[in-house]
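For the sequence shown, the positions run 3 to 423 when the numbering used here is used.
Taking it in order: structure first as structure tokens, then the write-up.
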Amino acid sequence: MYLLAFSPYSSPPSLSISKKYRAEGPHQYLALNDDRSRVYATTWAQPPSLSSWEVLEGGRAGIKKVNTVPISATGSYLSVLPSSLSFSLSLSPSSGPRVYQAGGPVAQTFAIDAATGGFGEQLQEIIYLDGGEQELWDDKTDRTRVALRYGSHAVDVDPALGRAYVPHVCAFDVPPSLFPEPAETDQHCRRLSGRDSIYVYSFNPDGTLHHLAEVPSHGHPGHEGVRHNVPSRDGSKLYVVTEHTASYLDVYTVHRDSPYLTHSQRLSVIPSSLAPTRLQYRGDTLRLSSDGRRLYVTTRGKTARERGWVSVWKVAEDGSIDERDSSASQGERGYGALSRFETPTSGGKANAIEVFPFQEAAADGHDYIILTDDEQGWVWVLEWRDEWSELREVAGVQLGRQDGAEEDERETGASHAVWLS
Numbered sequence: 003m004y005l006l007a008f009s010p011y012s013s014p015p016s017l018s019i020s021k022k023y024r025a026e027g028p029h030q031y032l033a034l035n036d037d038r039s040r041v042y043a044t045t046w047a048q049p050p051s052l053s054s055w056e057v058l059e060g061g062r063a064g065i066k067k068v069n070t071v072p073i074s075a076t077g078s079y080l081s082v083l084p085s086s087l088s089f090s091l092s093l094s095p096s097s098g099p100r101v102y103q104a105g106g107p108v109a110q111t112f113a114i115d116a117a118t119g120g121f122g123e124q125l126q127e128i129i130y131l132d133g134g135e136q137e138l139w140d141d142k143t144d145r146t147r148v149a150l151r152y153g154s155h156a157v158d159v160d161p162a163l164g165r166a167y168v169p170h171v172c173a174f175d176v177p178p179s180l181f182p183e184p185a186e187t188d189q190h191c192r193r194l195s196g197r198d199s200i201y202v203y204s205f206n207p208d209g210t211l212h213h214l215a216e217v218p219s220h221g222h223p224g225h226e227g228v229r230h231n232v233p234s235r236d237g238s239k240l241y242v243v244t245e246h247t248a249s250y251l252d253v254y255t256v257h258r259d260s261p262y263l264t265h266s267q268r269l270s271v272i273p274s275s276l277a278p279t280r281l282q283y284r285g286d287t288l289r290l291s292s293d294g295r296r297l298y299v300t301t302r303g304k305t306a307r308e309r310g311w312v313s314v315w316k317v318a319e320d321g322s323i324d325e326r327d328s329s330a331s332q333g334e335r336g337y338g339a340l341s342r343f344e345t346p347t348s349g350g351k352a353n354a355i356e357v358f359p360f361q362e363a364a365a366d367g368h369d370y371i372i373l374t375d376d377e378q379g380w381v382w383v384l385e386w387r388d389e390w391s392e393l394r395e396v397a398g399v400q401l402g403r404q405d406g407a408e409e410d411e412r413e414t415g416a417s418h419a420v421w422l423s
């Protein structure tokens, strides 16, 4: 695990390695609590586990390992229950907040230890298998990182409406011309445990998840591969990126009651010129700017031959995506992003992003974005300014190639980075 230092006011801006730590294993995804004093991490290492870390003086004094807890299957993305929602659920300081994690056949709810801020008791495990716990522990059930390609992939919390959303991928991956009938598709996906749907939850008084609905993906059911989702600031929309149908951004309208989600928009992360090779890309992550006016969406290349993309979208007051006029998108609906940035590499298994500032933003339309590359181990900082109307690369550092790098750092990849301060 690397601690990086970004200097935006140097000339030119710089990104450098400040410290490094022996972590729990490869390909970690990170989540922070509200005050950014604790980091929670997944890993692809075996046996499956989660780890927690204390952030010292906003990262200036480094980080310190708190604890590691076992889980039943390799984890993917985590979310921490916001303090505002902890208050509304009446969780006491000694019992809240909560950390949520999803990966492959399961999702879990953990308490946070009040004394250490690390992982506490596992309060809940949701099993996305028809055979339940018996199937989960069957030797034939995949509980490794492979299951992330066709199982649960994230838990994203909406504090505005008190909801949580779990995208559940499906591994069926063929050209649209070869799509089988929906009934056949559904059967195939369920044999692999993938649902190709979005699970909608509310919260029980103790912060565990309460199932409301399973909403099938838009498009070609069984083939979309819903990977990551984030809610709009007011909770009225849910933004979803697909992995297997090549980088679509889907927008769903959120309802307080059944059907909970209805599809309202489909947009393309990649430019229209690449539409014929759409299946060579894999949708990845989404993040809103802190003022909620811009949505950043990433995709990565399927191989090293295809570079990834970061697309920037204007968010309207009602949470919908406001496309640029048709002349900017060559008259093709769904391609009207504010801007697109082609990443220097494919992104490998990453091309993940996080946005700064992470609290209330100034009204000047200025963001920094941290972008991670798993192919060559790069971490880049991109900058957005409204007056530029484009993303620009301003700094970068390559991990594992620095002086004094240890042997097992060589050719390392960068999976995910978060802003500590």
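Ideal placement from N, C-alpha and C gives every residue a C-beta, glycine not left out.
Note that this is a predicted model, so its numbers are computed, not measured.
Query raised in the report: Which residues in the same chain as H155 place their Cβ atom closer than 6 Å to its Cβ, once the five residues preceding and following it in sequence are excluded?
Result: For H155, the CB contacts under 6 Å within the same chain, skipping 5 residues up- and downstream, are S78, P169, V171, R229 in chain order.
Query - Residue from S51, L5, T374 whose Cα sits closest to the Cα of T300 - result: Out of S51, L5, T374, T374 has the C-alpha closest to the C-alpha of T300.
Query raised in the report: Taking the alpha-carbon positions, what's the G367 to S74 distance?
Result: Answer to the nearest angstrom: the Cα atoms are 43 Å apart.
Query - Coarse secondary structure for D366, derived from DSSP in three states - result: In the three-state DSSP reduction, D366 falls in the coil class, being neither helix nor strand.
Report task. Give every residue of the same chain whose Cβ lies closer than 8 Å to the Cβ of S417, excluding the five residues on either side of it in the sequence, and list them in chain order. Result -> Take S417, set aside five residues on each side of it, and the residues of its chain with a beta-carbon closer than 8 Å to its own are P28, H29, Q30, Y31, K351, A352, A354, T374, D376, in chain order.
Query raised in the report: DSSP beta-bridge partners for I19?
Result: BP columns for I19 point to L6.
Query - Cα-Cα separation, P359 to A7 - result: Rounded to the nearest whole angstrom, the CA to CA distance from P359 to A7 is 15 Å.
**Report entry** Cβ neighbours of Y203 in the same chain (closer than 8 Å, five flanking residues each side left out)
**Finding:** If the five residues before and after Y203 are omitted, its C-beta is found closer than 8 Å to the C-beta atoms of R165, A166, Y167, V168, L211, H212, H213, L214, all from its own chain and listed in chain order.
Report task. Could you check the C-alpha separation between G285 and D327 for me, to the nearest Å? Result -> The straight-line gap from Cα to Cα measures roughly 24 Å.
Query raised in the report: Just the Cα atoms here: how many angstroms apart are T143 and F121?
Result: Computed Cα separation, rounded: 26 Å.
Query raised in the report: Can the beta-carbon of P107 be found closer than 8 Å to that of G153?
Result: In contact: P107 and G153 (Cβ atoms closer than 8 Å).
Requested in this report: Please determine, among T244, L240, A109, S275, the residue with the shortest C-alpha to C-alpha distance to R258.
Outcome: Checked all of T244, L240, A109, S275; the closest Cα to R258 is L240.
Report task. Measure from the alpha carbon of I114 to the alpha carbon of each residue in S88, Q136, A277, then state which is nearest. Result -> Checking every option, the nearest Cα to that of I114 belongs to S88.
**Report entry** Residue nearest to S53 in terms of C-alpha spacing, selected from S39, D160, V71
**Finding:** Closest by alpha carbon: V71.
Query raised in the report: V430 by DSSP, collapsed to three states: which one?
Result: The first residue shown for the chain is 3 and the last is 423, placing residue 430 beyond what the model contains.
**Report entry** Buried or exposed by the 16-neighbour rule on C-beta atoms within 10 Å, applied to S13
**Finding:** Counting the other CB atoms within 10 Å of its CB gives S13 a total below 16, which places it among the exposed residues.
Query raised in the report: Where does A397 sit, in a helix, a strand or coil, going by DSSP?
Result: Shown here, A397 sits in a strand according to DSSP, grouped into three states.
Report task. Compute the Euclidean distance between the alpha carbons of F181 and L91, then round it to the nearest angstrom. Result -> Any reading at F181 must be qualified, since the residue scores a pLDDT of 40, below 50, and its modelled position is unreliable; the value itself is stated next. Computed Cα separation, rounded: 44 Å.
Query raised in the report: Touching or not, the segment 56-67 and the segment 268-281, by the rule of three or more beta carbon pairs under 8 Å?
Result: In the pairwise beta carbon analysis, the segment 56-67 is classified as not touching the segment 268-281: fewer than three pairs are separated by under 8 Å.
Query raised in the report: Skipping 5 residues on each side, what residues in its chain have a beta carbon closer than 6 Å to that of Q189?
Result: Legend: pLDDT at Q189 = 47, less than 50; position of this residue unreliable, no value from coordinates given.
Report task. Could you tell me the distance, in whole angstroms, from the CA atom of D320 to the CA atom of L297? Result -> Within the model, the alpha-carbon separation for D320 versus L297 is close to 14 Å.
Query - Spatial neighbours of E2 in its chain, beta-carbon cut-off 6 Å, leaving aside the 5 residues before and after - result: Outside the shown range of the chain, which is 3 to 423, sits residue 2, and nothing can be said about it.
Report task. State the Cα-Cα distance for the pair S322 and A407, rounded to the nearest angstrom. Result -> Cα to Cα, the separation comes out at about 46 Å.
Report task. Work out the CA separation of Q103 and Q404 for me, nearest whole Å. Result -> The straight-line gap from Cα to Cα measures roughly 33 Å.
**Report entry** Same chain, Cβ closer than 8 Å to N69, neighbours up to 5 away in sequence not counted
**Finding:** If we look at N69 and ignore the five residues flanking it on each side, its Cβ neighbours are S53, S54, D115, T118, G120, F121.
Query raised in the report: Can you name the residues that DSSP bridges to I355?
Result: Under DSSP, I355 forms a beta bridge with L373.
Query raised in the report: When you compare each of T146, G338, V41, G237 to A419 by their alpha carbons, which one comes out closest?
Result: Its Cα nearest to that of A419, the residue V41 stands out among T146, G338, V41, G237.
**Report entry** Proximity below 8 Å, CB of V383 to CB of L17
**Finding:** Yes. Within cutoff.
Query raised in the report: Measuring CA to CA, which of V253, A397, G402, D293 is closest to Y11?
Result: Among V253, A397, G402, D293, the Cα nearest to that of Y11 is on A397.
Report task. Please say whether L340 and K316 have beta carbons closer to each other than 8 Å? Result -> Their beta carbons are under 8 Å apart, which means K316 touches L340 by this criterion.
Query raised in the report: Pick from G105, A162, F205, L163: whose alpha carbon is nearest that of L138?
Result: For L138, the closest of G105, A162, F205, L163 by C-alpha to C-alpha distance is G105.
Requested in this report: Please state whether DSSP places A104 in a helix, a strand or coil.
Outcome: In this structure, A104 counts as strand in the three-state DSSP scheme.
Query - Close Cβ partners of G402 (< 6 Å) along its chain, the five nearest in sequence each way excluded - result: For G402, the CB contacts under 6 Å within the same chain, skipping 5 residues up- and downstream, are G379, E411, R412, T414 in chain order.
**Report entry** Residue environment, S348, which counts as buried when at least 16 other CB atoms sit within 10 Å
**Finding:** S348 is buried by the Cβ-count criterion.
Requested in this report: Measure the C-alpha to C-alpha separation of I129 and R151 and round it to an integer number of angstroms.
Outcome: The alpha-carbon of I129 is positioned some 16 Å away from that of R151.
**Report entry** Burial state of V148, where buried means 16 or more other Cβ atoms lie within 10 Å
**Finding:** V148 comes out exposed.
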